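Numbering (this note's numbering), first residue to last: 352 to 537.
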């Protein structure tokens with residue numbers, strides 16, 4: 352998966368240690384996005400999810416609800432070149448879904464316009480792709496649903512101890528947080 356940049360990773364590790372949290376797992380953002388879209392549209396997703404971070408571009412290709420390809424690249428100044436590189440190893444293997452969903456970044460209208468106006472090779476797309484932008488709130492809603500489902504599964508498991516049931520995704524449920532570290536030292 353995508354690596355968390357060093358600065359933020361160190362802050363997260365420090366916060367986890369100071370709050371004495373024990374993570375129960377994690378969810379990749381693209382999985383939450385795919386689940387959110389499948390539930391919203393009431394059908395398995397067939398699309399290219401493009402996750403745009405500051406330094407990375409991640410491509411996740413779903414067909415019939417199944418992840419069929421993933422590629423993570425270092426992002427350059429030229430998004431179209433980056434996407435072309437990301438798609439290049441698929442040439443001749445299968446045609447790409449004609450639906451692209453962008454998320455995880457600001458000012459995606461400009462990115463969307465670049466993808467829509469580029470003349471893509473017919474080796475990649477049989478028809479011009481449609482581009483959609485997933486708002487930050489929708490991504491957050493998808494993540495929240497996944498964690499909610501994990502909580503339900505955890506609470507239904509008879510073998511789970513009471514103490515473990517109270518800790519959901521690193522948070523204590525129904526308990527009180529004491530001895531918070533000073534966030535100003537971040």
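Just so you know, even glycine gets a beta-carbon here, dropped at the ideal spot from N, CA and C.
Note that the structure is a prediction, hence the values are computed from the model and not measured.
Quiz prompt | Alpha-carbon to alpha-carbon, residue 365 and residue 371 | solution = 10 Å
Practice problem: Excluding the 5 residues preceding and the 5 following residue 493 in the sequence, name in chain order all residues of the same chain whose CB lies nearer than 7 Å to its CB. | Solution: 383, 384, 386, 387
Exercise. Sort out for me which residues DSSP pairs residue 413 with in a bridge.
Key: 398, 418
Practice problem: Go ahead and pull the three-state DSSP assignment for residue 473. | Solution: coil
Quiz item: Do the CB positions of residue 465 and residue 430 come within less than 7 Å of each other?
Solution: yes
Self-check item: Three-state secondary structure assigned by DSSP to residue 478
Solution: coil
Quiz item: Below 7 Å between beta carbons: does that hold for residue 381 and residue 408?
Solution: no
Quiz item: Which residues bound the beta strand (DSSP E) around residue 386?
Solution: Where residue 386 is concerned, there is no enclosing beta strand (DSSP E), although the alpha helix (DSSP H) it sits in stretches over 380 to 392.
Self-check item: Proximity to residue 443 [Cα-Cα], best of 484, 462, 473
Solution: 473
Exercise. State the beta-bridge partners of residue 403 as determined by DSSP.
Key: 408
Quiz item: Is DSSP giving residue 524 helix, strand or coil here?
Solution: The pLDDT assigned to residue 524 is 48, lower than 50, so where the model puts this residue is not dependable, and the model offers no usable value.
Practice problem: Pick out whichever of 479, 450, 436, 476 has its Cα sitting closest to the Cα of residue 425. | Solution: 436
Self-check item: Candidates 463, 490, 433, 487, of which the one nearest residue 481 by Cα
Solution: 463
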